[in-house]
Amino acid sequence: MIKNGKSRFEKVSGQSVILPEKKMKREDDTEILIQQIRVSVSDISGFLAELRRIGKKHHCTLICFNREVIAGQRHSRSAIRHAERAFEEGQTIARSLEVESLLYAAGTRQTGLIGPFGIHMGMNECYLCIVPGRPDVYEELLGMM
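Number 179 marks the last residue of the sequence shown (the working numbering); no jumps.
Take a look at the structure:
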């Protein structure tokens, strides 16, 4: 268990990462780094705040999709690409790429319905997406978990 301010992260059975990284390219050739991770979350707000802090530090966005309800890495990638396009066209519902991506993943325009597609209390099997893909960010996250 690692405490960081109000955030609390637990390493489960010595495994944070359960599969090797996979980089996927967007149409504009910017990479999205997608990792399958397993992480226990005891403070959702603190966990998300820490992800945002790390993203801001590295000039990227970190998005967690619940692997139990999403249809795979391609679904994650597609949701991110659609959310980015919505920002480019000024057609967003949300104010952040994270939430807009979750809206596209859930196929809804209602933020109240995206909960199952993000992280939750307890053990999470997630796709962690780093946009644009930066391996150094992933290394910092491993140190945190």
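All C-beta atoms in this analysis are idealised placements derived from N, C-alpha and C, irrespective of residue type, glycine included.
Bear in mind the structure is a predicted one, so any value in this text is a computation, not a measurement.
For residue i, count the other beta carbons within 10 Å of its own beta carbon; 16 or more makes it buried, fewer makes it exposed. Which is it?
| i | result |
| --- | --- |
| E84 | buried |
| L147 | exposed |
| V103 | exposed |
| Q125 | exposed |
Give me the Cα-Cα distance between residue i and residue j, rounded to the nearest whole angstrom.
| i | j | result |
| --- | --- | --- |
| I153 | G80 | 12 Å |
| I78 | C98 | 12 Å |
| C160 | E134 | 17 Å |
| T95 | G167 | 9 Å |
| L175 | R101 | 18 Å |
| A128 | T145 | 8 Å |
| Q107 | E122 | 23 Å |
Which residue wins for smallest C-alpha separation from residue i, given the options the options?
| i | options | result |
| --- | --- | --- |
| P169 | D77, S74, I88 | I88 |
| K90 | S110, V165, A117 | V165 |
Could you confirm whether any beta carbon from chain C is found closer than 9 Å to the beta carbon of residue i?
| i | result |
| --- | --- |
| S135 | Within the model displayed, chain C is absent; a lone protein chain is all it includes. |
Margin query: Across the segment 137 to 148 and the segment 67 to 82, are there enough close Cβ pairs to call them in contact, namely three or more that are closer than 8 Å?
Written below: The segment 137 to 148 vs the segment 67 to 82: no contact.
Checklist line | Segments of 4+ residues assigned as alpha helix (DSSP H) that fall wholly inside the segment 110 to 155 | finding: 131 to 140
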